[in-house]
Amino acid sequence: MISYRYTAENPNGERVDGHVDAASVADARRRLAEQGLRVLEVIESGSPAPEIPEEVLSVEEARQLVDNVAQLSAAELPLAPGLRAAGQESGSPKLARAFYWLADQLDRGRPLEEVLDSSAGFLPVHVSGLVRAALATGQLGPALTELVEQYRDAASLRQSIRDGLAYPLLILGMATVILALVVAFVAGGFEEIFDEFAVQLPAVTVVFFGFRHAAAWLLPVVAAIALILGVLLRWGLGRAGWHRLLSSAPVLGPMWHWLGLLEWMGLLQVLVRNGMTLFDALRLSAGGTSNANISRLALALAEGVGRGRSLSQAIAAQRQLPASLVPLVRWGEQAGGLVESLAMGCEMLEDRVRMRSLWLHAALPPLLFLSIGCVVLLVVGALFSPLISLVSSLS
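For any residue, its number in our numbering is found by taking its place in the sequence shown, counting from 1, and adding 886.
1. Between which two residues does the alpha helix (DSSP H) carrying Thr1062 extend?
2. Per the DSSP calculation, Trp1012 is bridged to which residue(s)?
3. Buried or exposed, going by whether 16 or more other CB atoms sit within 10 Å of the CB of Pro1272?
4. For Asn896, count neighbouring C-beta atoms within 10 Å of its own C-beta (all shown protein chains included) and say buried if the count is 16 or more, exposed if not.
5. Check whether the region 1032-1050 and the region 1155-1164 touch, using three or more Cβ-Cβ pairs below 8 Å as the test.
6. Does the Cβ of Val955 have 16 or more other Cβ atoms within 10 Å, making it buried, or fewer, making it exposed?
7. For Glu940, which residues does DSSP report across the bridge?
8. What residue does the beta strand (DSSP E) around Val893 start on, and which one ends it?
9. Excluding the five sequence neighbours on either side, which residues of its own chain have a C-beta within less than 8 Å of the C-beta of Val1001, listed in chain order?
10. Would you report the Cα separation of Trp1150 and Ala1172, rounded to the nearest angstrom?
11. Is the beta carbon of Leu1145 less than 9 Å from the beta carbon of Leu1168?
12. Hey, how far is the Cα of His1099 from the Cα of Ile1079?
13. Could you tell me the distance, in whole angstroms, from the CA atom of Pro1251 to the CA atom of Ala1066?
14. Are the CB atoms of Leu1263 and Phe1094 within a distance shorter than 9 Å?
15. Leu973 and Ala984: beta carbons closer than 9 Å?
16. For Leu926, name the three-state secondary structure that DSSP assigns.
17. Measuring CB to CB, does His1143 end up less than 9 Å from Gln1204?
18. In angstroms, rounded to a whole number, what distance separates the CA positions of Leu958 and Val1063?
19. Whole-angstrom Cβ separation of Arg994 and Gly904, contact assumed at under 8 Å?
20. Which of helix, strand or coil does DSSP assign to Gly1152?
21. Would you mind sorting Glu947 into buried or exposed? The rule is 16 or more other CB atoms within 10 Å of its CB.
22. With a CB to CB cut of under 7 Å and the five nearest residues on each side skipped, what residues in its chain are close to Leu1132?
23. In this structure, does DSSP put Gly1007 in helix, strand or coil?
24. Mapping DSSP to helix, strand and coil, what is Val1085?
25. Hey, Asp943 and Pro1010 are a contact pair by Cβ (cut 8 Å); roughly how many whole angstroms apart?
26. Rounded to whole angstroms, what is the Cα-Cα separation between Pro1213 and Ala908?
27. List the endpoints of the continuous alpha helix (DSSP H) containing Val1277.
28. By the three-class DSSP mapping on this structure, what secondary structure does Val902 have?
29. With distances taken between CB atoms, is the gap from Glu999 to Leu1016 smaller than 9 Å?
30. Is Ala908 helix, strand or coil by DSSP?
31. Give the single residue among Gly1116, Asp1166, Leu1256 whose Cα lies nearest to the Cα of Glu1189.
32. If you count every other CB in all the chains shown that lies within 10 Å of the CB of Leu1239, and 16 or more means buried, which is it?
33. Leaving out five residues before and five after Leu981 in sequence, what residues of the same chain have Cβ atoms less than 8 Å from its Cβ?
34. Find the nearest neighbour of Trp1276 within the set Tyr1037, His1012, Asp1081, judged by alpha-carbon distance.
35. When DSSP labels each residue in this structure, what does Thr1091 get in the three-state scheme?
36. With the cut-off set at 9 Å, would you say Val906 and Arg917 are in Cβ contact?
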């Protein structure tokens, strides 16, 4: 194929410049005429058509690409310049190459639908599958907008949880640093005084000074053991097993698991609503979540549906999925409203996440301050109890 630069007029009489790939000038004119353009000039550009990027975008990179395309399309702005500007602002070279390729293809006169349909080489499978299903129904714009909204809702919920945990974690970090400074530089002076005057130390002070002496080698050893154990578990369990282990952690584990389920079910809902079969939607949605354990569950559900089970039966066979989803999905299957039942399931999971998040935001600061207060009282008691006894004996 040869790249040709053309100048033409659209049906409204407006001038259009761009590129088109064709086997000859006559083929280029024919392609442009099929697009409803009146060709004024066709010249061989002398540059080969750019090759499609081979690296598959991550879920986050695909979200950014679809977000930019949907925003530019909704605002009716020129797509090619907007995508090039997004590529220049992108911090990911892989994503920037995808933006530039899309812009080049649009400049060559190819419709957006055709460009997206041919971009399966670098788009994740769930996005390219959604594009093809939406093209079959003629609803590409609404499908991309719905996918972007689903991404934004999940990202917003994650960000709200991070924001709520940021303050307690900051306080915990500052308290840990201050305690380490006290143990390292202040407690040593007290210990010298007590040794010089041969003060009889209480048990709490003996334990505190013993911890101070052992901390120099004990803490690095504990940290090294924890790091080695984590690496071995991560390597031995694999990514999916590691994510399942994290989901079983107390307090934060269930919330992280529900977030992954919410992200996956929202994507499944979008795929099914836009004309994809349930089996294909389950299979492709597995690649649309960052939680590898949820991806494995989605593939297991797809396998069950492929063997003739209903979705509710496949969900009931998975212990990691909430049992409350089973009657909800069964109702959707019986009433012909599977998409609506999936939407209700998303709302239920979102309510769970928000309730757990609110509980953490309300309970964590008081518990944290209480714990810090107890540690402060312990350190003060360990250091000043013998000092008070010493001053009393000297007086």
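Just so you know, even glycine gets a beta-carbon here, dropped at the ideal spot from N, CA and C.
Owing to the predicted nature of the structure, the values given are computational and were not obtained by experimental measurement.
Looking at the atomic coordinates:
1. Here residue 1062 refers to the residue found at position 176 of the sequence shown. Counting along the chain, the alpha helix (DSSP H) containing Thr1062 begins and ends at 1026-1067.
2. Numbered from 1 along the sequence shown, position 126 holds the residue referred to as residue 1012. For the record, residue 1012 in the displayed sequence is His; it is not Trp. Answer by DSSP bridge pairing: none, since His1012 is not bridged.
3. Taking the sequence shown and counting its residues from 1, the one referred to as residue 1272 is at position 386. Buried, by the Cβ-count rule.
4. Translated into positions along the sequence shown, residue 896 becomes position 10. Counting other Cβ atoms within 10 Å of its Cβ, Asn896 stays below 16 and is therefore classed as exposed.
5. Proximity of the region 1032-1050 to the region 1155-1164 meets the contact definition, three or more beta-carbon pairs being nearer than 8 Å.
6. What you label residue 955 is simply residue 69 of the sequence shown in a count that begins at 1. Val955 is buried by the Cβ-count criterion.
7. In the sequence shown, the residue the question calls residue 940 occupies position 54. DSSP lists no partner for Glu940.
8. One-based indexing of the sequence shown puts residue 893 at position 7. In the sequence as displayed, the identity of residue 893 is Thr instead of Val. Run containing Thr893: 888-895, per the beta strand (DSSP E) assignment.
9. Position 115 of the sequence shown, counting from 1, holds the residue named residue 1001. Apart from the 5 residues on each side of it in sequence, Val1001 sits with its Cβ closer than 8 Å to the Cβ of Leu988, Gln991, Leu992 in its chain, given in chain order.
10. Residue mapping note: residue 1150 aligns to position 264 of the sequence shown, counting from 1. Residue mapping note: residue 1172 aligns to position 286 of the sequence shown, counting from 1. One C-alpha to the other measures close to 7 Å.
11. Counted from its first residue, the sequence shown places residue 1145 at position 259. Counted from its first residue, the sequence shown places residue 1168 at position 282. Not closer than 9 Å, so no.
12. Translated into the one-based positions of the sequence shown, residue 1099 becomes position 213. Translated into the one-based positions of the sequence shown, residue 1079 becomes position 193. Each residue's CA atom was taken as its position, placing His1099 and Ile1079 some 16 Å apart.
13. Position 365 of the sequence shown, counting from 1, holds the residue named residue 1251. Position 180 of the sequence shown, counting from 1, holds the residue named residue 1066. Ala1066 has its alpha-carbon roughly 21 Å from the corresponding atom of Pro1251.
14. Residue numbering aside, residue 1094 sits at position 208 when the sequence shown is read from its first letter. Residue numbering aside, residue 1263 sits at position 377 when the sequence shown is read from its first letter. No, they are not a contact pair.
15. Here residue 973 corresponds to residue number 87 of the sequence shown, with the count starting at 1. Here residue 984 corresponds to residue number 98 of the sequence shown, with the count starting at 1. Sequence inspection shows Gly at residue 973; the Leu mentioned does not correspond to that position. Yes, they are a contact pair.
16. Indexing the sequence shown from 1 puts residue 926 at position 40. Three-state DSSP puts Leu926 in a strand.
17. Locating residue 1143 in the sequence shown gives position 257, counting from the first residue. Locating residue 1204 in the sequence shown gives position 318, counting from the first residue. The answer is no: Cβ separation not under 9 Å.
18. In the sequence shown, the residue the question calls residue 958 occupies position 72. In the sequence shown, the residue the question calls residue 1063 occupies position 177. Leu958 and Val1063: Cα-Cα distance of roughly 48 Å.
19. Residue 994 sits at position 108 when you count from the first residue of the sequence shown. Residue 904 sits at position 18 when you count from the first residue of the sequence shown. Gly904 and Arg994 do touch by the CB rule: their CB atoms are close to 6 Å apart, below 8 Å.
20. Position 266 of the sequence shown holds residue 1152. In the structure shown, Gly1152 sits in a helix (DSSP, three-state: H, G or I).
21. Reading the sequence shown from its first residue, position 61 is the one you call residue 947. Glu947 should be labelled buried.
22. As a first step, residue 1132 must be located in the sequence shown, where it is residue number 246. Gly1139, Trp1142.
23. Here residue 1007 is taken as the residue at index 121 of the sequence shown, counted from 1. Three-state result, Gly1007: coil.
24. Locating residue 1085 in the sequence shown gives position 199, counting from the first residue. In the structure shown, Val1085 sits in coil (DSSP, three-state: anything other than H, G, I, E or B).
25. Reading the sequence shown from its first residue, position 57 is the one you call residue 943. Reading the sequence shown from its first residue, position 124 is the one you call residue 1010. The sequence given here has Leu at residue 943, not Asp. Right, their Cβ atoms sit about 6 Å apart.
26. Translated into positions along the sequence shown, residue 1213 becomes position 327. Translated into positions along the sequence shown, residue 908 becomes position 22. In this structure, the CA atom of Pro1213 is about 55 Å from the CA atom of Ala908.
27. In the sequence shown, residue 1277 corresponds to position 391, counting from 1. Run containing Val1277: 1224-1280, per the alpha helix (DSSP H) assignment.
28. Here residue 902 corresponds to residue number 16 of the sequence shown, with the count starting at 1. Strand at Val902.
29. As a first step, residue 999 is located in the sequence shown; it is residue number 113 there, counting from the start. As a first step, residue 1016 is located in the sequence shown; it is residue number 130 there, counting from the start. No Cβ-Cβ contact shorter than 9 Å links Glu999 with Leu1016.
30. In the sequence shown, the residue the question calls residue 908 occupies position 22. DSSP places Ala908 in strand when its eight states are reduced to three.
31. Locating residue 1189 in the sequence shown gives position 303, where the first residue counts as 1. Here the closest residue by C-alpha is Asp1166.
32. For the purposes of this step, residue 1239 is taken as the residue at position 353 of the sequence shown. Just to set this straight, residue 1239 is Val in the shown sequence, not Leu. Counting other Cβ atoms within 10 Å of its Cβ, Val1239 reaches 16 or more and is therefore classed as buried.
33. Taking the first residue of the sequence shown as 1, we reach residue 981 at position 95. Leaving aside the five residues that flank Leu981 on each side, the residues in its chain whose CB is nearer than 8 Å to its CB run, in chain order, Leu943, Glu947, Gln950, Leu951, Gly973.
34. Counted from its first residue, the sequence shown places residue 1276 at position 390. Note that residue 1276 is Leu in the sequence shown, not Trp. Comparing Cα-Cα distances from Leu1276 to each of Tyr1037, His1012, Asp1081, the minimum goes to Asp1081.
35. Taking the first residue of the sequence shown as position 1, residue 1091 is located at position 205. Note: Thr1091 maps to helix in three-state DSSP.
36. Taking the sequence shown and counting its residues from 1, the one referred to as residue 906 is at position 20. Taking the sequence shown and counting its residues from 1, the one referred to as residue 917 is at position 31. It is a contact, given that the beta carbons lie within the stated cut-off.
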